[in-house]
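Read the structure below first, then the notes.
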Amino acid sequence: MEQDEAMGLIPFFVSTTLGTTSCCSFDNIPEIGLVCQQFETVWLHVDAAYAGSAFICPEFRSLMNGVQYADSFNLNTNKWLLTNFDCSCLWVKDRFKLTCALVVDPLYLQHGYAGAVDYRHWGIPLSRRFRSLKLWFVLRTYGISGLQKYIRHHCQLAKRFERLVRSDNMYEVLNDVKMGLVCFRLKDDPTNKLNKKLLETINESGKLHMVPSLVHDKYVIRFCVVAEHATEDDIDYAWKIIKETAVTVMYNEQELTEKREEQVDEVFELSERKKKDDLAYRRSFFVRMVSDPKIYNPIIARSSPGSRRHTHLSSMDDDIHDPLSTSTSDTEDTMTQPASSWISWPLAFLFQGVFDDKEGNDVPVRFRHLATKMHFKSKSKSPEHLATEDNKSRRNSPVFPRKSSYVKTENENNMQK
Numbered sequence: 004m005e006q007d008e009a010m011g012l013i014p015f016f017v018s019t020t021l022g023t024t025s026c027c028s029f030d031n032i033p034e035i036g037l038v039c040q041q042f043e044t045v046w047l048h049v050d051a052a053y054a055g056s057a058f059i060c061p062e063f064r065s066l067m068n069g070v071q072y073a074d075s076f077n078l079n080t081n082k083w084l085l086t087n088f089d090c091s092c093l094w095v096k097d098r099f100k101l102t103c104a105l106v107v108d109p110l111y112l113q114h115g116y117a118g119a120v121d122y123r124h125w126g127i128p129l130s131r132r133f134r135s136l137k138l139w140f141v142l143r144t145y146g147i148s149g150l151q152k153y154i155r156h157h158c159q160l161a162k163r164f165e166r167l168v169r170s171d172n173m174y175e176v177l178n179d180v181k182m183g184l185v186c187f188r189l190k191d192d193p194t195n196k197l198n199k200k201l202l203e204t205i206n207e208s209g210k211l212h213m214v215p216s217l218v219h220d221k222y223v224i225r226f227c228v229v230a231e232h233a234t235e236d237d238i239d240y241a242w243k244i245i246k247e248t249a250v251t252v253m254y255n256e257q258e259l260t261e262k263r264e265e266q267v268d269e270v271f272e273l274s275e276r277k278k279k280d281d282l283a284y285r286r287s288f289f290v291r292m293v294s295d296p297k298i299y300n301p302i303i304a305r306s307s308p309g310s311r312r313h314t315h316l317s318s319m320d321d322d323i324h325d326p327l328s329t330s331t332s333d334t335e336d337t338m339t340q341p342a343s344s345w346i347s348w349p350l351a352f353l354f355q356g357v358f359d360d361k362e363g364n365d366v367p368v369r370f371r372h373l374a375t376k377m378h379f380k381s382k383s384k385s386p387e388h389l390a391t392e393d394n395k396s397r398r399n400s401p402v403f404p405r406k407s408s409y410v411k412t413e414n415e416n417n418m419q420k
């Protein structure tokens with residue numbers, strides 16, 4: 004607050020809690036109150052929504068030490084004082100400070116009893132519902148002694164449940180049990196998965212109902228004694244349900260974990276087996292590819308020029324030829340066109356000399372990844388050609404082996420023509 008004032012800000016409201024919702028903890032009101040006294044503009048509020056009802060018992064009033072510094076104090080009697088919802092009590096030290104901030108008093112709302120308490124000025128709605136009668140009936144029905152007995156009984160039941168939890172090494176209590184709330188959890192659960200599953204399973208059973216919270220960043224289950232006629236047998240029965248459910252949840256979780264580990268092992272084995280099978284298949288496929296080109300590419304058409312099969316394949320091939328590479332093919336007779344086929348680069352080296360015994364010795368080849376057609380020329384049987392080829396074979400070709408034939412594209416043939 005001193006830093007706020009140094010920055011030009013005005014601190015005006017401090018809210019403290021006696022009996023927090025999560026774990027029923029208590030703020031240090033005496034220390035906070037003394038600090039607030041140093042700032043004239045600060046309004047100190049004490050929220051005792053749950054624990055405030057217990058202060059009717061003298062043994063609990065030490066928990067509200069420092070309340071004299073408070074400017075306002077509230078408690079919810081519908082939480083722990085046998086009053087049906089909704090019913091809350093608000094006390095203020097100086098009611099004129101409150102009403103001056105909220106008063107709306109036009110001419111048509113003015114009356115001659117300005118000195119009387121008018122609760123329409125105590126809240127924003129400018130009106131209040133009549134709630135006090137039901138609290139008055141509770142006080143008249145049970146009396147102070149009856150309400151004190153009721154509060155003490157609940158605190159004793161909570162202490163009994165705390166002892167049951169602490170007697171089992173599987174569980175731990177994470178709050179200081181001063182009233183009717185116990186925060187517990189299963190130990191050795193860093194991910195909070197078991198505790199969440201435990202609470203979910205218990206609530207689904209319909210035998211108990213509890214809610215979760217966080218205490219010191221740990222997931223806890225809140226066991227709160229609230230039933231008016233609760234007994235020690237009810238507490239023992241609740242603890243029995245919790246223990247049995249926890250055993251079932253932990254057993255199922257262990258079984259599930261083992262199944263997951265088995266599934267992981269099976270998946271790993273299948274993966275390794277598949278890798279080995281794939282590798283063996285690829286190796287066998289490569290061997291068969293070299294020995295039989297049809298295995299690598301079954302759409303290999305090898306037929307002599309002029310045959311019916313050759314003519315059909317040539318006409319199909321012309322439909323997919325690049326227009327630039329087939330510009331002169333329109334003038335040629337279809338029956339004299341050589342056969343063409345789809346083929347891969349590795350097989351181009353294996354295909355030399357296949358058509359040596361064929362008439363024409365000109366094999367057009369299409370490549371899947373190239374938009375052109377190439378012609379493989381078989382070696383001529385004439386002595387002149389053999390001598391020429393013998394001289395060429397001495398050269399080291401960077402593309403073809405020595406015995407491979409020279410390849411010309413259709414574009415080169417067209418340029419020569």
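Heads up, the sequence shown is in this note's numbering, so the first residue is 4 and it goes up one at a time. By construction, the Cβ of each residue, glycine as well, lies at the ideal position given by its N, Cα and C atoms. Quick caveat, the model's predicted, so the values are computed rather than measured.
Bounds of any beta strand (DSSP E) do not take in His157; it lies within the alpha helix (DSSP H) bounded by 135-169. At a Cβ-Cβ threshold of 7 Å, Ala161 and Val180 count as neighbours. Sorting Ser216, Leu85, Asp239 by C-alpha distance to the C-alpha of Cys26 places Ser216 at the top.
Less than 7 Å divides the Cβ of Gly22 from the Cβ of Ala51. Judged by their CB atoms, Gly55 and Leu78 are nearer to each other than the 7 Å cut-off. Between the region 197-215 and the region 224-234, the count of Cβ pairs shorter than 8 Å is three or higher; the stretches touch. Looking at the backbone, the Cα of Leu150 and that of Ala57 are separated by about 9 Å.
Annotation: the continuous beta strand (DSSP E) that includes Val49 extends over 46-50. For Met4, the closest C-alpha among the options Phe42, Leu37, Ser28, Met67 is that of Phe42.
Note on Val120: under 16 other CB atoms within 10 angstroms of its CB, so exposed under the neighbour-count rule.
Following the DSSP letters along the chain, one finds Pro215 in no alpha helix (DSSP H) but inside the beta strand (DSSP E) bounded by residues 214-218.
The region 127-135 makes no contact with the region 30-47: fewer than 3 CB pairs, one atom from each, lie closer than 8 Å. The C-alpha of Gly183 lies about 15 Å from the C-alpha of Ala241. Under a 10 Å Cβ-count criterion, Ile238 is classified as buried, with 16 or more other Cβ atoms of the shown protein chains found around its own Cβ. 7 Å or more divides the Cβ of Ile147 from the Cβ of Cys60.
Under the 10 Å beta carbon count, Met173 is surrounded by fewer than 16 other beta carbons and is classified as exposed. Non-local C-beta neighbours of Leu138 in its own chain, meaning closer than 7 Å and more than five positions away in sequence, comprise Thr80, Thr86, Cys90, ordered along the chain.
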